[in-house]
Amino acid sequence: MSEQLELSPKKKLLLIDGNSVAFRAFFALHSQLDRFTNHDGLHTNAIYAFKTMLDHVIKAVHPDKALVAFDAGKTTFRTAKYSDYKGGRSKTPEELSEQMPYLRELLTGYGIKSYDLKDWEADDIIGTLAREGEAEDYQVIIVTGDRDLTQLTTDKTTVAITQKGVSEIEYYTPAHVQEKFGLTPTQIIDMKGLTGDTSDNYPGVTKVGEKTAIKLLTQFETVEGVYEHLDDIKQSKMKDHLIEDHDQAVMSKDLATIRTNAPLAVHLADIDYTGPDLDKLISFYKQMDFNNFLKQLQNAGLSLDLGDETPEQTLKDISCTELTAHNLDLLANFTDEVSFILEMPDENYHLSTFAGVVVTDGKQTLVSREIDLLQTAEFKALLENDQIKKNVFNAKAQYVGLNRLGVKLAGIDFDLLLVSYLLDTNDNSNDLGSLAQQHGYVEVETDEAVYGKGAKRGLPDDDTVFFNHLARKALAIQNLHDDLFKELATNEQTDLYRNIELPLTLVLADMEIAGVRVDTDQLIAMREKFKEQLATLQQTIYQEAGEEFNINSTKQLGVILFEKMKLPVIKKTKTGYSTSVDVLEQLASQVPIVENILAYRGLAKLQSTYIEGLLKVVHSRDQKVHTRYLQTLTQTGRLSSVDPNLQNIPIQTQQGREIRKAFVPSHEGWQIFSSDYSQVELRVLAHITGDANLQEAFREDEDIHAATARRIFGLTSNDEVTPLMRRQAKATNFGIVYGISDYGLSQNLGISRQEAKQFIETYFREYPDVKKYTEDVVTQAQKDGYVETITHRRRYLPDINAKSFNQRSFAARTAMNTPIQGSAADIIKIAMINMQKALKDAGLKATMLLQIHDELVFEAPLEEIPKLEQLVPSVMDSAVKLAIPLKVESAHGDSWYDAKG
DNA sequence: GTGTTCACG
DNA sequence: ACGTACGTGAACACG
3 MSEQLELSPK KKLLLIDGNS VAFRAFFALH SQLDRFTNHD GLHTNAIYAF
53 KTMLDHVIKA VHPDKALVAF DAGKTTFRTA KYSDYKGGRS KTPEELSEQM
103 PYLRELLTGY GIKSYDLKDW EADDIIGTLA REGEAEDYQV IIVTGDRDLT
153 QLTTDKTTVA ITQKGVSEIE YYTPAHVQEK FGLTPTQIID MKGLTGDTSD
203 NYPGVTKVGE KTAIKLLTQF ETVEGVYEHL DDIKQSKMKD HLIEDHDQAV
253 MSKDLATIRT NAPLAVHLAD IDYTGPDLDK LISFYKQMDF NNFLKQLQNA
303 GLSLDLGDET PEQTLKDISC TELTAHNLDL LANFTDEVSF ILEMPDENYH
353 LSTFAGVVVT DGKQTLVSRE IDLLQTAEFK ALLENDQIKK NVFNAKAQYV
403 GLNRLGVKLA GIDFDLLLVS YLLDTNDNSN DLGSLAQQHG YVEVETDEAV
453 YGKGAKRGLP DDDTVFFNHL ARKALAIQNL HDDLFKELAT NEQTDLYRNI
503 ELPLTLVLAD MEIAGVRVDT DQLIAMREKF KEQLATLQQT IYQEAGEEFN
553 INSTKQLGVI LFEKMKLPVI KKTKTGYSTS VDVLEQLASQ VPIVENILAY
603 RGLAKLQSTY IEGLLKVVHS RDQKVHTRYL QTLTQTGRLS SVDPNLQNIP
653 IQTQQGREIR KAFVPSHEGW QIFSSDYSQV ELRVLAHITG DANLQEAFRE
703 DEDIHAATAR RIFGLTSNDE VTPLMRRQAK ATNFGIVYGI SDYGLSQNLG
753 ISRQEAKQFI ETYFREYPDV KKYTEDVVTQ AQKDGYVETI THRRRYLPDI
803 NAKSFNQRSF AARTAMNTPI QGSAADIIKI AMINMQKALK DAGLKATMLL
853 QIHDELVFEA PLEEIPKLEQ LVPSVMDSAV KLAIPLKVES AHGDSWYDAK
903 G
């Protein structure tokens, strides 16, 4: 055994046992299995470790010829001879087998041929080629994880066995084999004949293990030798076993013998090693998300270009020009297409400072910290000219930021953030550097790497550092433009991007800029009222508890309720007692304190989240809140809203609903106007499933929950639908949309799982195409790895084939829900784009302010209300053409509270 | 930073 | 035998 490979001056032939090394590689990084997945959910640990091993071996060997042999399948000439050969083996883990095709791609990238041959094992391919190589006077190096291959060692052939860590390798020469096993290489075969092999599942001679075998072979050399000299062995149990198991020993030796005469279609002449195919390797690393390897490649390329190495610097300086008031004419060189960044260090672009600006066409890059330059005629001529295409990262932020500076950004073509999100909704990191790296462009760092994080975050004082980062970011956008547009086209998502998401981003920008006026006096009055009520409740609760404690602390509350007052524990959380509403409601009848706690909770929520929370984010300048819609966050295509979240303002309880009175028009004599889609998700369900019964209910404009109740409770047209029936039918309808489970429905309705199951079965019988859809969409997701909405919005579901029941079930429910929720999101997005245009075309002052998933909120002069009542629903219900009509309901009033039907 | 709770669709 | 309804954001407590 040796850690070092002894190299001769001969030419080198490298032969790798693909399956065996892949297996070792897989288990070397098995503990990291979850960390090694690419953006499509493919595990990559074995590929990664295999790659590491390859680098190691190639560096050590410098092969002239190389080949990786794979097993062709389960059946071989050995199984034909002995059907139990390798029987009883637990099958290869799915997480490994899914990597095998990609391993071959890796090898292609490395310029190494891979080969398998029907009915033969990789061992035999290697054995055959090794002998061919020896005949041509090559030094042969065989890499495997399987010690049996040491039988192939000769003075011309070294066998390298990978250890636990794949890059640790033991090299076996005949001398080392002798040293380690006390046998010659060919005697390894005889040993296997005598001992058998449990992992390959062949028997050998009973009770003969390694020690006995070595002793026998030292004396008699071969299996045949042992049997020829049976007489020399004195009477013993062992001798009986040898006689008894003669046939097995012969057969086992045969099975263990690696063939050197396999009928190969590949020969030495076909397997020259001339080094990697860089283009293939780069695209492969991108596919695998091997960013560090990409970086290595890129740096290797750089240092070659430079001729010398600059090891401490990972990225070289970008050549760029500092823009000043005196060289603004340089901007006129940009006539066709530019990548542009207005750098805003704070997340909230409505308030952020401006740190700098960069613009590039890939050839010339201009940078500056002087924000005022943006307001010059020269810069405006570039930015406001819609004939010059703009490539950006987060178009909405750029548009809003520039708008604050009085610049109207036009001609936006490529938004790296938005496109990345459409390609894979999981790519929502929001950082240009990390997104670019995920897409294989690594000559850019993350903002965190350059600016720091937390308290230490700050802009670099050094112009070189700052300008370089800006320049690299702009160049990243410029460079990814073509590739990502191609990917969009491949996914049939170009229309989704150009006709929906990109136009929408500007609609949203206008809505955010418009903002919503908040009546802070009203909120302050509510705050005082709530403050008193909370104080009173607090005192009552302290009295009932017999002590003072923090009611907001679930931990302290749990101690009071379940230890001090000894109330029954209904539900537990990971960390202790659950004190959630449904638990407290079950306890309410037993002690008055619970009712008060519930009241306190409700009030405290309104106070802290809505009253105080809202007051904190009202802009003092205009008394408005300017939310930010996150367009690249949700997995379904919905928007989300932050700072503040205007999509979860209370409505359900009267007390909470009062908050909406504070959302008022921004002009005297105006009103709030609101329209919402009625049952849009169930209508989408009816459309997508094509279910005739569901569609009929919508065509007849029935109360859908009542109609469902009639069906699942088998009522005739004369029977009355009781409120309970309707409630249960409604819950079932929702359950279907969410990807139903009997357990979930039973929890929601407070019924037994059996009963819930019955509801679902009846539902599926009444709406058979809905059932078919739920099955088909899961099958499709299993096949493709993703599901789609009506506009080809895509969501990948890597867990759809997971081993864990939970993960798999969750993915299956997601597969059912996402096309429904996502298509509903598509519809309202289209409506919003059409709406903005319709308002403009009609010359109305009305402004769209908010989107709450199925609802649009406007403010408008009172006199425009009749016009809106006609226009808004017509635009909304004609956004897309479905198999059934869409229905829209509208209302208006002096505040959002009053805009209710 | 994580977990719990609760607001919305 | 498992232990879930789908999608979000904000506040608070706690370590």
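Offset between the first sequence (1-based) and this note's numbering: plus 2.
The beta carbon of each residue, even a glycine, is placed where N, CA and C say it ideally should be.
Everything numeric in this text was worked out from a predicted model, so none of it was measured.
For my contact list, residue i and residue j are in at a C-beta cut-off of 8 Å; report their separation, rounded to the angstrom.
i: K255; j: D192; result: 6 Å
i: V583; j: L605; result: Incorrect: roughly 14 Å between the Cβ atoms, too far for contact.
i: I817; j: V780; result: Here residue 817 is Ala; the residue named in the question, Ile, does not match the sequence. That pair is a contact at about 5 Å.
i: K889; j: D879; result: 7 Å
i: I114; j: L69; result: 7 Å
i: Y117; j: L257; result: So it is not a contact: roughly 22 Å between Cβ atoms.
i: I822; j: L687; result: 5 Å
i: E503; j: Q633; result: 7 Å
i: A397; j: T507; result: 5 Å
i: T636; j: S642; result: 6 Å
i: A71; j: L17; result: 7 Å
Quick check: what's the CA-CA separation for residue i versus residue j?
i: K839; j: G454; result: 42 Å
i: G75; j: A162; result: 24 Å
i: N393; j: P462; result: 25 Å
i: T146; j: D417; result: 48 Å
i: K488; j: Q495; result: 10 Å
i: Q480; j: Q289; result: 20 Å
i: I762; j: T734; result: 7 Å
i: H794; j: G517; result: 31 Å
i: F381; j: M346; result: 18 Å
i: V361; j: I515; result: 25 Å
i: T220; j: E226; result: 13 Å
i: I348; j: R459; result: What sits at residue 348 in the sequence shown is Asp, not Ile. So the alpha carbons of these two residues sit roughly 11 Å apart.
i: T276; j: D66; result: 7 Å
i: P205; j: D199; result: 6 Å
i: Q656; j: G903; result: 15 Å
i: E871; j: S677; result: 9 Å
i: Y443; j: L98; result: 28 Å
i: T312; j: G184; result: Bear in mind that the predicted position of T312 carries a pLDDT of just 35, short of 50, making it too unreliable to give a figure here.
i: D465; j: L434; result: 20 Å
i: R261; j: D125; result: 8 Å
i: T218; j: V228; result: The sequence shown places Leu at residue 218, not Thr. Approximately 7 Å between the Cα atoms of the pair.
i: D19; j: F336; result: 55 Å
i: S876; j: Q809; result: 42 Å
Using CA atoms only, rank isn't needed, just tell me which of the options is closest to residue i.
i: L333; options: L376, L344 and F761; result: L376
i: I526; options: E660, G716 and T691; result: E660
i: V789; options: F356, L266, T427 and V723; result: T427
i: E367; options: S341, D856, A844 and L846; result: It should be pointed out that residue 367 corresponds to Thr in this sequence rather than to Glu. The residue with the shortest Cα to Cα distance from T367 is S341.
i: E866; options: R685, V520 and I674; result: I674
i: G195; options: G211, G184 and K182; result: G211
i: P265; options: D331, F79 and E181; result: F79
i: E8; options: L131, T160 and L35; result: T160
Bridge partners of residue i, per DSSP?
i: V145; result: I18 and A162
i: K392; result: V340 and I414
i: G895; result: I674
i: E324; result: V369
i: A71; result: D19 and Y117
i: L858; result: S677 and Q853
i: H58; result: Partner(s): none; H58 has no beta bridge.
Can you determine whether any heavy atom of the ligand ADP sits closer than 8 Å to the C-beta of residue i, and answer yes or no?
i: A709; result: Within the structure as shown, the ligand ADP is missing, as the structure has no ligands at all.
Please give me, in chain order, every unbroken run of the beta strand (DSSP E) with length at least 3 that falls completely inside the stretch 330-375. 339-345, 358-362 and 367-370
Taking only runs of the alpha helix (DSSP H) that begin and end inside the stretch 583-645, which ones reach a length of at least 4 residues, in chain order? 583-589, 594-607 and 615-619
Contiguous alpha helix (DSSP H) assignments of at least 4 residues, all confined to the stretch 732-798: 744-751, 755-768 and 770-786
In the stretch 219-244, which residue ranges form an unbroken alpha helix (DSSP H) of at least 4 residues, counting only runs that do not cross its ends? 225-230
Which runs of the alpha helix (DSSP H) fall wholly inside the stretch 423-479 and span at least 4 residues, in chain order? 434-440 and 449-453
Let me know the alpha helix (DSSP H) ranges lying completely inside the stretch 235-290, each 4 residues or longer, listed in chain order. 239-246, 248-258 and 280-290
Mind pulling the beta strand (DSSP E) runs of 3 or more residues that sit fully within the stretch 496-573? 518-520
Complete beta strand (DSSP E) runs within the stretch 648-697 (minimum length 3 residues, chain order): 672-679
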